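These notes concern the structure reproduced below.
Residue numbers (the working numbering): 14 to 192.
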């Protein structure tokens, strides 16, 4: 798709928020085709366009079962941030819900082996994971040495404190202030 404001004979620059392309789908109700799209992917201009500024964003919308109301579920903004459940992502991936007690994200494997989520900056990282059974959860970091765990590598429950702050319990060398 392409979009300009003005007329075909005298087009003007695309304005911020202008729709650039819509991809939508609708089904047949048994009596007629639905009056509106029930699922959509839309492309929008994210700013007033110039020869050097062509910002865009995309939205993904669906209709919940048992309803006919289309609602936005996910957005990729002009910076590449992905918002699920929000139209204003505050991070590279921002997942939000207004449902109390809801599971916000699930990371799973069908393998019986260890699994973890790694949060890091390319140099250091923190791991949140599960060993081969639900009885083996673990959290560990490097360099700052926060370790809580019963992981597959060290099957004894231990808590280790921050470097220089000691702590211990099952140790991995603290040497005082609890040990």
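Yeah, the Cβ is synthetic: ideal placement off N, Cα and C, and Gly gets one too.
Computed from a predicted model, the values in this text were never measured in an experiment.
Here's the rule: buried if 16 or more other CB atoms are within 10 angstroms of the residue's CB, otherwise exposed. What is residue i?
i, result
"residue 88", "buried"
"residue 192", "In this prediction, residue 192 has a pLDDT of 49, which is less than 50 and means its spatial position is unreliable; what the coordinates show is noted afterwards. Flag for residue 192 reads exposed."
"residue 23", "exposed"
"residue 96", "buried"
"residue 101", "exposed"
For residue i versus residue j, is the C-beta spacing smaller than 8 Å?
i, j, result
"residue 116", "residue 109", "no"
"residue 33", "residue 72", "no"
"residue 53", "residue 84", "no"
"residue 94", "residue 59", "no"
"residue 38", "residue 49", "no"
Have a look at the DSSP bridge pairing and note the partners of residue i.
i, result
"residue 107", "96"
"residue 74", "53 and 85"
"residue 58", "69"
"residue 19", "24"
"residue 35", "55"
"residue 80", "DSSP output for residue 80 lists no bridge partner at all."
For residue i, which of the options has the nearest alpha-carbon?
i, options, result
"residue 47", "54, 20, 106 and 82", "82"
"residue 67", "78, 104 and 26", "26"
"residue 35", "80, 106, 57 and 41", "57"
"residue 16", "112, 41, 62 and 78", "62"
"residue 55", "42, 113 and 30", "30"
"residue 111", "80, 86, 41 and 44", "86"
"residue 80", "28, 120, 42 and 19", "42"
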